[in-house]
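Participant:
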Amino acid sequence: MKNRGLLFYAFAYLAFLYVPVLVLPVFSFNDSEFIAFPLSGFTTRWYAGLAADSAMQHALGNSLKVGMVTALLATLLGLTAAKAVTRYRLRGAGAALGFISLPLFIPDIVLGLSLLLLLGAARLPLSLAAVVLGHLLVCVPFALTVLIARFEGFDKALEEASADLGEDGWMTFWRVTFPLMLPGIAASLLLTFITSFDEFLVAYFLSGTEATLPVYIWGQLRFPERLPMVLALGALILTGSVALVVLAEYVRNLGVRKPMVGA
Amino acid sequence: MAEKGRNTGEGYVLLAPALVVMGLALAAPLLLMAVTSLKDQSGIGFARGWTLDQYALVLGRASYRLLFARSVLISAVVTLVTVALAYPLAYFVAFHARHKFIWLVALTIPFWTSYLLRVFAWKIILGYGGVINSGLMRLHLIDQPLSFLLYNPFAVVVTLAHAWAAFAILPIYVSLEKIDRSLLEAASDLGDGALRRFARITLPLSLPGVIGAAILIFVPTTGDFVTPELVGGTQGTMIANIIEAQFNGVGNWPLGAALSLVSMAMVAVIAGLFVAAARAAARAAR
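In order, the protein sequence lines correspond to chains A and B.
Sequence positions in the first sequence follow our numbering and run 2 to 264.
Sequence positions in the second sequence follow our numbering and run 809 to 1094.
1) By the criterion of Cβ-Cβ separation under 7 Å, what are the contact partners of SER1014(B) in chain A?
2) Is any heavy atom of the ligand GDP found at a distance shorter than 8 Å from the C-beta of LEU191(A)?
3) When we look at the beta-carbon of ILE933(B) and count the other beta-carbons within 10 Å, is it buried (16 or more) or exposed?
4) Between THR844(B) and chain A, is the shortest Cβ-Cβ distance under 9 Å, so that the two count as touching?
5) Going by the beta-carbon positions, is the gap between ARG88(A) and GLY819(B) smaller than 9 Å?
6) Starting from GLN862(B), follow the alpha helix (DSSP H) in both directions and report where the run begins and ends.
7) I'd like to check one pair, LEU912(B) with LEU978(B): are the Cβ atoms closer than 9 Å?
8) Which class does PHE854(B) belong to by DSSP, given the choice of helix, strand or coil?
9) Does the beta-carbon of HIS948(B) have 16 or more other beta-carbons within 10 angstroms, so that it is buried, or is it exposed?
10) Could you tell me whether any Cβ in chain A is nearer than 9 Å to the Cβ of ASN941(B)?
11) Check whether the Cβ atoms of LEU968(B) and VAL886(B) lie closer than 9 Å to each other.
12) Assign LEU18(A) to one of two classes, buried (16 or more other C-beta atoms within 10 Å of its C-beta) or exposed (fewer than that).
13) Of the residues LEU40(A), LEU25(A), LEU192(A), LEU23(A), which one's Cα is nearest the Cα of ASN31(A)?
14) With 16 as the cutoff for other CB atoms within 10 Å, does VAL1077(B) come out buried or exposed?
15) Could you please give the first and the last residue of the uninterrupted alpha helix (DSSP H) stretch that includes ARG1008(B)?
16) What do you reckon, are the CB atoms on VAL880(B) and MET1074(B) nearer than 9 Å?
17) Are the beta-carbon atoms belonging to PHE198(A) and LEU65(A) less than 9 Å from one another?
18) What is the residue span of the alpha helix (DSSP H) that ASP848(B) lies within?
19) Pick out whichever of ALA1021(B), ALA1022(B), LEU991(B) has its Cα sitting closest to the Cα of ALA1007(B).
20) Would a C-beta distance cut-off of 9 Å place LEU265(A) and PRO142(A) closer than the cut-off?
21) On the CB-based measure, 16 or more other CB atoms within 10 Å of its CB, does GLY93(A) come out buried or exposed?
22) List, in chain order, every chain A residue whose beta-carbon is nearer than 9 Å to that of PHE876(B).
23) Where does PRO126(A) land, buried or exposed, given buried means 16+ other C-beta within 10 angstroms?
24) Does the beta carbon of TRP858(B) come closer than 9 Å to any beta carbon on chain C?
25) Could you tell me which of PHE903(B), LEU1063(B), ILE1023(B), PRO1036(B) sits nearest to ARG989(B), measuring between CA atoms?
26) Helix, strand or coil, according to DSSP, for ASN941(B) in the structure here?
27) Could you check how far apart the C-beta atoms of ALA1053(B) and GLN862(B) are, in whole angstroms? I think they sit under 8 Å.
28) Quick one: does ALA1084(B) have its CB under 9 Å from some CB of chain A?
29) Along the stretch 47-68 of chain A, what residues have a CB closer than 9 Å to any CB found in chain B?
30) By alpha-carbon positions, which one of ALA122(A), PHE224(A), LEU116(A) ends up nearest to ALA131(A)?
31) Secondary structure at ASN31(A), three-state DSSP: helix, strand or coil?
32) Name the DSSP bridge partner or partners of PHE206(A)?
33) What does the alpha-carbon distance come out to for the pair ASN1060(B) and GLY853(B)?
34) Take the Cβ of PHE919(B) as the centre, count every other Cβ of all protein chains shown within 10 Å, and call the residue buried at 16 or more, exposed below.
35) Mind pulling the chain B residues with CB within less than 8 Å of ASP32(A)?
36) Within the same chain, show all residues whose beta-carbon is closer than 7 Å to that of VAL1027(B), passing over the 5 residues directly before and after it, in chain order.
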C-alpha cells in the first residue's frame, strides 16, 4: 500500500519537474505571439526566425568558446590539484582544498561583482576572457570534486608499478594515469562546460559588449514579441544538452568496458 | 616509489596553478571588495579617506534590514520545501524503484536546460495572461485571471523549489543508498515497526544528505538574482536585486560592496549555525 502511495507521489513530482520545462517546446511550435491557451496552430516560424538571428548566433558562438576554454582550463587545474592532494602528503592540503572550494559557498553575484571591481582597479576591459576567469571560479571546485573521486577510485599501485618498471613520471602519467582517469576527465569536461554554458550572472557583469547566450536571452526577455523565439531557443538547448549527456553516458560505458586500456 | 612524501615539492608544484588562479580570481577581488566597502562614492570615483558609513547604512536602515530578513526567510522556506518534497522521492528511488538509473536520469533531464529559461517558464505559467490563467478561463473555472500567482514571494518560492530540486534529490538519494540494509533488517527483527524503524535508523543515517542538500540550496538561493527579478515583483525583491542596482543603476559601488560582504557573512553564519545545530541534533538522536 505504502509503495503505491510513494509511486504516485513520484509521478506527481515528475510532473512538477517536467511541466515548466515542456512549456518551452510546446509554445515554441504555437502559431501565436501570445503564450496562452488555447494553442492556435502549428508553426516553425519561430525556429526560422532563430536561424536568421545573427546576434543570437554570435552569442551562441561566444558561449561555446567560453564554455570550451573554461572546461579545458578548469579540468586541467582540477587534474593537477586533485593529483597533488591524493598522491602526495602535503602539509596544508586541507586548507588548500577548502580555499579552492570556497566559491561554492559564495553567492554568484558576489563573485561576479568582486571580479568587476578587480577589472576596474586593473583598468582591464570587460571581455570574454574576464568571463572565463569568473567561470573558472565556479567550475574548478566541481572539476576538483569529480577528479578527486576518480583518483581515489583507482589503485595507486598501478602507478607505482609503472615507476618501478622504469617509466619516468611523464610516461607513467600518459600510459597509466591518464587512461585510468579518462572517464573522470570526460565527466569533468562535461560538467564544467554545461555549468559555464548556462551561467548568467557572472557573465552579465563581465561580458561587456560580447554577450554570451544567457546574457543575450536575458536581453530578449524584455520584448514580448521575441518570446516565442526565446522558447524555441530553450527547446533547442534542452535537446542539445540531453544529446550531450546521452553521448557522455555512452562514452563512459565504453571506458568501463575496457578498463585495461593502456595499462 | 618516487612519491609518497618524498617529493612533496612536486606536489606543491602541482597544486600551485589552481591556487594561483583562485587567488587571482577569488582572494584578490574579495580583498578589493572589502577595500571598496570602506570608501565613499564621489561622482564616478571614490572619495579619499576611509569610512564605515556604508556599514552603518547597511545595518542601520530599516529597509535594508527588511530586505536581509526577507531574503533569508524566502531562502529558508525554499530550502525547507525543496528538501521536504525531495525526501520521499529520494526514498522511493533508493528503496522501492525498480529501474533506479532510469529514475535518476528522468529526474535530472529537466535541469539540462537553461536556468534562465526554467525560471522564465514559471513567469509564463503563473502570469496574468499565462498558462494557468488562460487554461482555467478556457475551462470556465474562473471568470477573471488570478492575480495572486505572480509577482510575490510565493512565486519566488515555487520557482526556486523547482529550479533547485536536483540539488536536494541527489544528495539525499546518495545518503539513503549508502545505508546498510542489514541495519534495517536488524531493527525489524528486534521488533521495530516501519515508522519506528524509519525514525530510528533511516532518518538519522540519511541526515548528512539532508544537511548537505539544505546547504547546497540555502547558500545560492539567498543570493539569487534572476528569480526575484523575473517573478518576485516588489514584494519579492531580494538582496541580490538591490546589490545589482548599486552597480548598475543608482551607482554606489561602496554601498554595493558593503551589502555584498554583509550578506555573504550573514549566509556563512546562518549556514554554519545550521550545520552545528543539525550535527548536535543528530548526535542527540543516537
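Each residue gets a CB set at the ideal place from its N, CA and C atoms; glycine is no exception.
Facilitator: In short, the structure shows the following:
1) Within 7 Å Cβ-Cβ: nothing; SER1014(B) doesn't reach chain A, min ~15 Å.
2) Absence of the ligand GDP from the depicted structure is noted, as is the absence of any ligand whatsoever, leaving it without description.
3) buried
4) yes
5) yes
6) 861-868
7) yes
8) strand
9) exposed
10) yes
11) yes
12) buried
13) LEU40(A)
14) exposed
15) First-last for ARG1008(B): undefined, no H or E at that position.
16) yes
17) yes
18) Per DSSP, ASP848(B) belongs to no alpha helix (DSSP H) and is neither H nor E.
19) LEU991(B)
20) In the structure as shown, chain A starts at 2 and stops at 264, and residue 265(A) therefore has no counterpart that could be examined.
21) exposed
22) Within 9 Å Cβ-Cβ: nothing; PHE876(B) doesn't reach chain A, min ~13 Å.
23) exposed
24) The structure shown has no chain C; the protein chains it does contain are A and B.
25) PHE903(B)
26) helix
27) Incorrect: roughly 15 Å between the Cβ atoms, too far for contact.
28) no
29) none
30) LEU116(A)
31) strand
32) According to DSSP, which records beta bridges pairwise, PHE206(A) is partnered with nothing at all.
33) 10 Å
34) buried
35) Within 8 Å Cβ-Cβ: nothing; ASP32(A) doesn't reach chain B, min ~15 Å.
36) VAL1075, ALA1079
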